[in-house]
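Asks: Residue numbers (the working numbering): 4 to 272. Beta carbons are placed, not taken as given, at the ideal position from N, Cα and C, and that holds for glycine. All values reported here derive from a predicted model rather than from experimental measurement.
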Amino acid sequence: MTSTPERLQAPEGKSRLIRHFEKSSIEKHNDAWTDLWDTDNSDMWDRGKPSPALIDLLEQREDILGPIAADGRRKTVLGCGKGYDVVMLALHGFDVVGLEISQKGVSAAEEYAATELKMPEEHNFGGSWTSKHERGSVSFIKGDFFKSDSADGKKFDVIYDYTFLCALHPTMRSQWASRMADLLIPGGLLVCLEFPLFKDPDHPGPPWPLQGVHWNLLAEGGDGIMYPPTSDQKGDLGRVNFERKWYIKPERSYESGQGADMLSVYARK
4 MTSTPERLQA PEGKSRLIRH FEKSSIEKHN DAWTDLWDTD NSDMWDRGKP
54 SPALIDLLEQ REDILGPIAA DGRRKTVLGC GKGYDVVMLA LHGFDVVGLE
104 ISQKGVSAAE EYAATELKMP EEHNFGGSWT SKHERGSVSF IKGDFFKSDS
154 ADGKKFDVIY DYTFLCALHP TMRSQWASRM ADLLIPGGLL VCLEFPLFKD
204 PDHPGPPWPL QGVHWNLLAE GGDGIMYPPT SDQKGDLGRV NFERKWYIKP
254 ERSYESGQGA DMLSVYARK
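(1) In the DSSP output, what is residue 265 paired with across the bridge?
(2) Smallest Cα separation from residue 270: which of 225, 258, 217?
(3) Between the segment 63–73 and the segment 206–222, do three or more beta carbon pairs fall short of 8 Å?
(4) To the nearest whole angstrom, what separates the beta carbons of residue 1 and residue 82, a pair I think is in contact under 8 Å?
(5) Label residue 242 either buried or exposed according to how many other C-beta atoms from any shown protein chain fall within 10 Å of its C-beta, with 16 as the threshold for buried.
(6) Among all the DSSP beta bridges, which residues are the ones paired with residue 80?
(7) With respect to the alpha helix (DSSP H) encompassing residue 179, which residues constitute its N-terminal and C-terminal limits?
(8) Would you mind sorting residue 140 into buried or exposed? The rule is 16 or more other CB atoms within 10 Å of its CB.
(9) How many Å lie between residue 54 and residue 205 at the Cα?
(10) According to the Cβ coordinates, are residue 66 and residue 255 closer than 9 Å?
(11) If you pair each beta-carbon of the segment 149–163 with each one of the segment 182–197, do three or more pairs fall below 8 Å?
(12) What does the alpha-carbon distance come out to for the pair residue 138 and residue 229?
(13) Label residue 97 either buried or exposed according to how many other C-beta atoms from any shown protein chain fall within 10 Å of its C-beta, with 16 as the threshold for buried.
(14) Looking at chain D, is there any beta carbon in it that lies within less than 9 Å of the beta carbon of residue 122?
(15) Could you name the residues of the same chain whose beta carbon sits closer than 7 Å to that of residue 88, not counting the 5 residues immediately before and after it, in chain order?
(16) As a quick exercise: from 118, 126, 92, 177, pick the residue whose alpha carbon is nearest that of residue 225.
(17) Indicate the three-state DSSP secondary structure (helix, strand or coil) for residue 255 in the structure shown.
(18) Sort 266, 262, 258 by Cα distance to residue 248 and report the nearest one.
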């Protein structure tokens, strides 16, 4: 078992989420998330609606994330959680796959999608919405993101990450970056709503502080562990698989990150 560095020991006033993960080893990290689903504790991270920042990026910057690929086919996107962003992306013209480790999570997402696609709520759309794109498809897969067969062998044009990286123990970050590279087609885009950027880097998670982590992992090829001592922060430059194309301050985001969140868009080399 990998020990938690002293700098990341929990401060006073631990959250329910931190207390839950303190009871679990890093090797059982995925099981700990599944347990939260199975015990109806998803309210610890559930936002109840799709990302306002992602909606605005889709509607206002189609030059970045247009749903139609250069060859005329519909772009495929990977995401999940309770399915809020999966459904919203499909309503904006993408074919979307939701990958979730918990069967209960998959069932919750399927139930939400079945209801929401029939009668979409207003929170799926922003002020720049136009219905010029045909609705895309939605499907869900139960699987472990870190296993090579988890996505049924699919490759994706776009992957969206909001609260996945910040949910992982820091020692798992380099695996996250490698797997993202495996799942994206060359030229595919990894879209990250970077959160939390305001949290004291001395404090533990989840959610773990991510100030500078995406850049270190994806642009520098580092390990994403931003506390000393650590290995060479530039890591093995031979495994730098991404180039940051856009770095955007969203006008809207969830209340928990409003004014602090950033949207980064990385292209798979």
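Replies: Let me spell this out:
(1) 197
(2) 217
(3) no
(4) Here the chain comprises residues numbered 4 to 272, so residue 1 is not present and cannot be evaluated.
(5) exposed
(6) 99, 161
(7) 176–186
(8) exposed
(9) 27 Å
(10) no
(11) yes
(12) 41 Å
(13) buried
(14) Note that chain D does not occur in the displayed structure, where there is just one protein chain.
(15) 53, 54, 57, 82, 163
(16) 177
(17) coil
(18) 266
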